[in-house]
Structures are given as structure tokens and as C-alpha cells.
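Just so we're aligned: 232 in UniProt numbering is position 232 of the sequence shown, and the numbers increase by one with no gaps anywhere. Glycine included, each C-beta is placed from N, C-alpha and C at the ideal position. Everything numeric in this text was worked out from a predicted model, so none of it was measured.
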Amino acid sequence: MLLDLPNEMLLRIAEHLTVTEHISAFAQANTHFYSLLNPLLYRYDVQHRESSALLWAAEYGRKVTARKSLDQGASLKALSYSLKLAAKNAHEEVIELLLAMEGVDPDSKDLFGRTPLSYATEHENTAVFKLLLATEGVNPDSRDHNNQTPLSYAAQGEQEEVVRLLLATEAKRGSEATVKQLLGIEDVKPDSKDLFGRTPLSNATEHEDTAVFKLLLASEGVDPDSKDRNNRTPLSRAAQFGNLAVVELLIATERVNPDYRDSKGRTPLWYAAEYNRGVVVLLLLSTEGVNPDPKDSYGGTPKWLSSYRQIHYNRLGSSAIKTSQY
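Here it is, written out as C-alpha cells:
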């Protein structure tokens with residue numbers, strides 16, 4: 001009887017079956033057969049049916065099935081197509097599983113030039129959109145064969161949350177054209193905050209190219225002195241990055257506090273000095289209202305500050321040194 005046969009023999013018999021349904025029926029004869037032959041069933045599917053089990057799992061959100069198919073070596077082609085199906089149908093767990101696989105391209109395009117992010121946007125799957133947008137290698141401005149971007153689909157569907165996320169991301173990337181498009185959308189909030197409490201303007205401080213920063217700074221309702229979760233301002237971040245042009249633009253608004261302390265008691269000057277941003281340090285030292293000796297809440301003074309402060313006072317002349325308060 002079959003039950004008396006050794007496992008090796010049972011596997012050899014199953015390997016000679018050439019129809020998935022037959023292997024499945026054999027595997028379901030009893031629990032022992034199932035545990036023994038189930039991996040073979042998925043392996044057969046990978047080798048002879050182009051990983052159809054993985055595609056089905058991605059479309060219907062079956063994580064366990066997807067895991068079994070992946071364990072048997074589903075192809076990269078199947079991975080890419082499955083990622084698209086999971087994105088269209090808002091199956092986060094399956095997407096996380098697929099993204100963790102070595103070699104998978106999270107920004108792969110199908111025959112229509114569309115990416116998983118594009119489908120997630122069109123189908124208004126905000127949670128999936130967030131997951132993909134945060135994945136390295138995903139281009140939020142990718143264009144399909146109809147020249148449409150994720151932004152195009154978000155605008156068509158009036159997806160406020162997606163537009164907000166795109167604005168934050170594109171500001172950080174320095175994408176002038178896309179930011180201009182986003183700001184042109186009715187009811188878009190140019191001063192909305194991300195998970196870290198940062199506005200698009202705050203994120204744009206990272207780039208030396210000031211085009212995006214100027215666009216945002218000129219937008220109605222944007223606060224140039226907005227505080228994030230760590231109580232840091234755009235000026236504080238620009239000082240840390242050594243972005244002189246942005247520091248100058250912010251100070252010129254006369255709407256920012258150049259000596260504002262964050263949750264650790266650190267001012268823009270503190271960050272500029274700590275990160276050795278010489279030209280920014282000198283600019284801030286010459287700005288009215290800036291304390292030249294910015295100790296933080298722990299009593300710490302930036303390691304580079306003393307040398308730059310000396311340069312600053314040398315420029316002012318010896319009389320300035322004598323009358324300065326340390």
C-alpha cells in the first residue's frame with residue numbers, strides 16, 4: 001500500500017505526475033502526504049506553470065501561499081508581475097514579502113510602462129502607496145507610455161493624502177517641475193507636515209539648488225519658521241547642511257528666529273559650527289539676535305565654534321572683541 005512506501009519512493013512517484021491537479025490530489029490523500037508533497041507541488045508550479053500560485057496569491061492577498069511559492073524559487077519576472085498585482089489590489093503584507101526578496105525591482109515597468117506605484121495611486125491604495133514610496137529605487141515621477149505619472153493619477157482621483165506625500169517627497173528630491181505641478185493642484189496644502197513634522201519647505205533645505213525652495217517659500221500659507229517634531233526649523237536644517245543660499249533666503253524673509261532653540265537647546269549656529277559649515281557660521285554670527293556662544297541643554301559647545309568666532313571678531317576688529325560678551 002502507498003502508506004507503507006518510504007518517503008523517497010513517494011516523492012519519485014509524485015515527480016512523475018505531470019498535471020498539477022494530480023499532484024495536488026495525491027498530496028491531499030492524508031496529512032503525511034501533504035507535508036511531504038506540498039513543496040513539490042509549488043516547485044512544479046514554478047518550473048512548469050510560470051509561478052501561477054504566486055500570481056494568484058498576489059492578486060488575492062494570500063501571504064502564506066506567496067511565501068511557499070517564493071521558497072521554491074519563483075522567477076524575477078513573476079516577482080515583478082506579482083508586485084504589480086499586489087499593488088493594484090492593496091495587499092500590503094504580500095508587497096512587504098515581495099520587496100524583501102533579493103533582486104526584485106520595486107520600480108519595474110510592465111508592457112504599458114507602468115510601475116507598482118502607478119497602480120497603487122490609480123487604485124487609491126494610500127497605505128500601499130506609502131510603502132512603495134518609502135522603498136529605495138522607486139521613482140515617484142516615473143512616466144508610463146501615456147506620459148502619465150503617479151501624480152497624474154492622484155490628481156485625477158482627487159487623492160489629497162497621496163498628493164501631500166508626493167509634495168513632501170519631491171521637495172526633498174529637488175524636483176522643480178513636479179513641485180510646480182503639485183502646487184498648481186486645487187486645495188493642495190504646501191505647508192503640510194510629514195511623519196517627522198517637517199514641511200516640504202523644511203525638506204527642500206537639503207538641496208543647494210534653490211529653485212524648489214523658492215517656489216515653496218513664495219507659496220501662500222507656507223511658514224518659513226515651522227517647527228518639526230524635534231522643534232527644529234528650516235533654518236536649523238539649512239545651517240546643518242551648510243546650505244548658505246537657503247540660509248540667506250530664510251533670514252531675508254525677516255519671518256524667522258535666527259536663534260531659535262530646538263528640543264535639545266541647539267540653535268542654527270550650533271548646528272552650523274558642529275558640522276563645520278564655515279560660511280554659514282560667519283553669516284549667522286553677523287546676524288542680529290544670534291547668541292555667539294550657543295551652549296545646548298547639556299552645556300555642550302560645538303567643537304568648531306571658537307575658531308570661526310575668532311575669524312568673525314578679527315573681521316570686526318579688536319574693539320569688537322573687547323566689547324563682546326562671551
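- Contact check for residue 192 against residue 164 passes: the beta carbons are separated by less than 7 Å.
- Under the 10 Å beta carbon count, residue 178 is surrounded by 16 or more other beta carbons and is classified as buried.
- The beta carbons of residue 122 and residue 153 sit about 4 Å from each other, so the pair counts as a contact at 8 Å.
- Classified as exposed, residue 48 has fewer than 16 neighbouring CB atoms from the shown chains inside 10 Å of its CB.
- Residue 246 sits close to residue 205, with the two beta carbons spaced by under 7 Å.
- Residue 87 places its beta carbon 7 Å or farther from that of residue 51.
- For residue 239, the uninterrupted alpha helix (DSSP H) segment begins and ends at 234–241.
- Between residue 234 and residue 282 a beta carbon distance of about 20 Å is seen, past the 8 Å cut, so the two are scored as non-contacting.
- Restricting attention to beta strand (DSSP E) runs no shorter than 3 residues, the segment 266–319 encloses none.
- Sorting 90, 124, 93 and 142 by C-alpha distance to the C-alpha of residue 110 places 142 at the top.
- In this structure, residue 124 keeps its C-beta atom at 7 Å or more from the C-beta atom of residue 148.
- When DSSP states are grouped into helix, strand and coil, residue 74 belongs to the coil group.
- A residue is called buried once 16 or more other Cβ atoms fall within 10 Å of its Cβ, and residue 112, having fewer, is exposed.
- The C-beta of residue 229 has fewer than 16 other C-beta atoms within 10 Å across all chains shown, which makes the residue exposed.
- Residue state for residue 164 is assigned as helix, using DSSP reduced to three classes.
- Taking the CA atoms as reference points, residue 309 sits about 21 Å from residue 298.
- The alpha-carbon of residue 71 is positioned some 12 Å away from that of residue 41.
- A straight-line Cα-Cα distance of about 7 Å links residue 215 and residue 180.
- When secondary structure is reduced to three states using DSSP, residue 131 falls in the helix class.
- Rounded to the nearest whole angstrom, the C-alpha separation of residue 209 and residue 174 is 7 Å.
- A Cβ-Cβ separation of about 20 Å leaves residue 190 out of contact with residue 236 under the 8 Å criterion.
- Between residue 92 and residue 128, the CB-CB gap stays under 7 Å.
- Per DSSP, residue 213 is one residue of the alpha helix (DSSP H) stretching across 211–217.
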